[in-house]
Amino acid sequence: MLYKSTRGGVGGLTSAEAIVKGLSEDGGLYVPDSFPQLSHEEIKELAAMPYEVRASSILAKYLNDFSVQELQMYARKAYGEKNFGVNGTVPIFILDNNTHFLELTHGPTCAFKDIALQILPYLLTAALEKTNEKRTACILVATSGDTGKASLEGFCDVPGTKIMVFYPRDGVSDIQKLQMTSQSGGNVNVVAVEGNFDDAQTGVKAVFSDEAFRAELNEHGYFLSSANSINWGRLVPQIAYYVSAYCELLTNWTIKCGEKVNFCVPTGNFGNILAGYYAERMGLPINKLICASNRNDVLADFLTEGVYDKNRQFYTTVSPSMDILVSSNLERLLFELSGKDGGAVSEFMSSLSRTGRYEVPVEMRGELERVFAAGRCSEEDTCTTIAQVWSDHHYLIDTHTAVAYKALRDYKAESGDETTSVVVSTASPYKFCDSVLQALGEEASAAGVELISVLQEFTGIPAPAPLATLCNAKPRFTDSVSVTGMKNAVSAFLGVGISS
Ligand SMILES: *Cc1c(COP(=O)(O)O)cnc(C)c1O
19 MLYKSTRGGV
29 GGLTSAEAIV
39 KGLSEDGGLY
49 VPDSFPQLSH
59 EEIKELAAMP
69 YEVRASSILA
79 KYLNDFSVQE
89 LQMYARKAYG
99 EKNFGVNGTV
109 PIFILDNNTH
119 FLELTHGPTC
129 AFKDIALQIL
139 PYLLTAALEK
149 TNEKRTACIL
159 VATSGDTGKA
169 SLEGFCDVPG
179 TKIMVFYPRD
189 GVSDIQKLQM
199 TSQSGGNVNV
209 VAVEGNFDDA
219 QTGVKAVFSD
229 EAFRAELNEH
239 GYFLSSANSI
249 NWGRLVPQIA
259 YYVSAYCELL
269 TNWTIKCGEK
279 VNFCVPTGNF
289 GNILAGYYAE
299 RMGLPINKLI
309 CASNRNDVLA
319 DFLTEGVYDK
329 NRQFYTTVSP
339 SMDILVSSNL
349 ERLLFELSGK
359 DGGAVSEFMS
369 SLSRTGRYEV
379 PVEMRGELER
389 VFAAGRCSEE
399 DTCTTIAQVW
409 SDHHYLIDTH
419 TAVAYKALRD
429 YKAESGDETT
439 SVVVSTASPY
449 KFCDSVLQAL
459 GEEASAAGVE
469 LISVLQEFTG
479 IPAPAPLATL
489 CNAKPRFTDS
499 VSVTGMKNAV
509 SAFLGVGISS
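The sequence shown begins at 19 in our numbering and counts up by one.
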């Protein structure tokens, strides 16, 4: 399997090369030449297997310059009880006979990003070796809150890597912030950016595309790499949990093999739901992928109208990890919609950077409508949904998962579609205690991490261990920079002199 850029300028890369590079030189993202297929027989076989085997089987189909044994070893290390606890890596919670929650929240940082970021360091380290790369990888991360901590946790003290995380100063929850700023490890750095997530992401992309800076880093034995969901190594592990969810529904007799299911995904950068689309293209029986947006509903508009327009107000919401106006991974979907036409994708992207908008022609919208549906959820509805699910089912969900559940209910009411549905649950409610407590009608009597024990007492649901221990954590990293100061911050971290 070989990889090429969505913008058509680069091709013929092995998966190891695509993972090491992260972003293509022509500004595009790496995509596989074709989609490997998954037969119903294989799905039935995987249903009898633990998550490590399901994951390594999917990885092996895409990363065929890695050996199956190697991938199995990485999956075993990444997805075992030590990191994900005793209840299974990605368990299903049955809410009612039509609605299931795929809990991707049991990893070390309590967000779905762990699924990819626990295994990515193994993939990247092996890929460095396979590509004979001797320089140190400096991993730059822009985060809307959860990727930052999950990357730090994954790459902490991994030899041959340094990692630097930029988060929007006023755009993450107190708990997310302390999770990041208290990170241990000798190869890590965390900096606040004066701006929102899009500013941080734009800043990181600008550092990446600064050729003089890259040359300077090269002289000092460094190269830039990415742990954001633009990296192919982030996406491929995510395909596996869609397959795994389907396997779980088979094993608990909810569906028969071949029967279609819906997935409803709280979406920001379009990485999670894109992995669902890839699973569908591989042959996983999926009826609809429902893309759920919060108040920043640029994706919901795009999926219903075919026009992407980021010229709109940016809102800071109670679901901060979805506060995004420029969804990077949508570029990979455009590539498929256009029949793998790099020229067409380049034009959309150049229109986006010139005017902030693009419109896809009618011919491209058929595939969108075949697979995708869209929904949105206001701030108020997010809170009401958390309260309702709690009072009706005694099930506690976070602000992002609530957006998805609301979107699913609206979709079902509007379409009459009664297909078995899975809500993809992306974070522990304990990462967003203030909003969750407020939704449940509790006055916040404390601040920040102290609310963890308040929520625990109120609900009787134990906080996950990595968050429960945060109350003793001390921030190590307190710096903040402007978007234009990000390059200097990278230089200072790496001890590289600044020439421009
Ligand atoms: C990152 C994140 C999302 C959005 O996922 P994308 O892959 O960026 O679409 C949703 N919910 C939570 C909790 C997240 O951390």
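Glycine included, each C-beta is placed from N, C-alpha and C at the ideal position.
Checklist entry - Is the Cβ-Cβ distance between I61 and C275 less than 8 angstroms? => result yes
Next on the checklist: Once DSSP output is grouped into helix, strand and coil, what is the label at M198?
Outcome noted: helix
Item to check | Same chain only: Cβ atoms within 7 angstroms of S202, ignoring 5 sequence neighbours per side | outcome: C174
Checklist entry - Do L352 and F366 have their C-beta atoms within less than 8 angstroms of each other? => result yes
Checklist entry - Relative to ligand 1, is the shortest distance from any of its heavy atoms to the C-beta of H418 smaller than 7 angstroms? => result yes
Checklist entry - Closest to K95 by CA distance: which of S74, P109, N82 is it? => result S74
Checklist entry - At which residue ranges does the segment 108-179 contain complete beta strand (DSSP E) runs of 3 or more residues, listed in the order of the chain? => result 110-114, 117-121, 154-160
Checklist entry - Helix, strand or coil: which one does DSSP assign to S518? => result Confidence in S518 is poor, its pLDDT being 48 and thus under 50, which makes the residue's placement too unreliable to answer from.
Next on the checklist: Contact defined as beta carbons within less than 8 angstroms: I believe N105 pairs with M19. What is the distance between those atoms, to the nearest angstrom?
Outcome noted: Actually they are not in contact, since the Cβ atoms of N105 and M19 sit about 33 angstroms apart, beyond 8 angstroms.
Checklist entry - If you follow the beta strand (DSSP E) that R72 is part of, which residue opens it and which one closes it? => result First-last for R72: 69-80, but that is the alpha helix (DSSP H), not the beta strand (DSSP E).
Next on the checklist: Which of the three DSSP states is assigned to V190 in this structure?
Outcome noted: coil
Next on the checklist: For the segment 402-413 against the segment 248-263, do three or more pairs of beta-carbon atoms, one drawn from each stretch, fall closer than 8 angstroms, so that the two count as touching?
Outcome noted: no
Checklist entry - Near K505, which residues of its chain fall below 7 angstroms by C-beta distance, leaving aside the five closest residues on each side in sequence? => result V225, D228, F231
Checklist entry - Between Y376 and the rest of its own chain, which residues show a CB-CB distance below 6 angstroms, the 5 nearest in sequence each way excluded? => result Y326, F366, S369, L370
Item to check | Beta-carbon contacts of D192 that lie in its chain and below 6 angstroms, excluding the five residues immediately before and after | outcome: G466
Checklist entry - Can you tell me the Cα-Cα spacing of S518 and E234, whole angstroms? => result Only weak support is given to the placement of S518: the predicted model assigns it a pLDDT of 48, under 50, and the value that follows is read from those uncertain coordinates. When rounded, the distance between both Cα atoms is 10 angstroms.
Next on the checklist: The alpha helix (DSSP H) that contains C451, what's its start and end?
Outcome noted: 451-457
Checklist entry - By DSSP, does K505 sit in helix, in strand, or in coil? => result helix
Item to check | Helix, strand or coil at I273 according to DSSP, with G and I counted as helix | outcome: coil
Next on the checklist: Quick check on DSSP: helix, strand or coil for P284?
Outcome noted: strand
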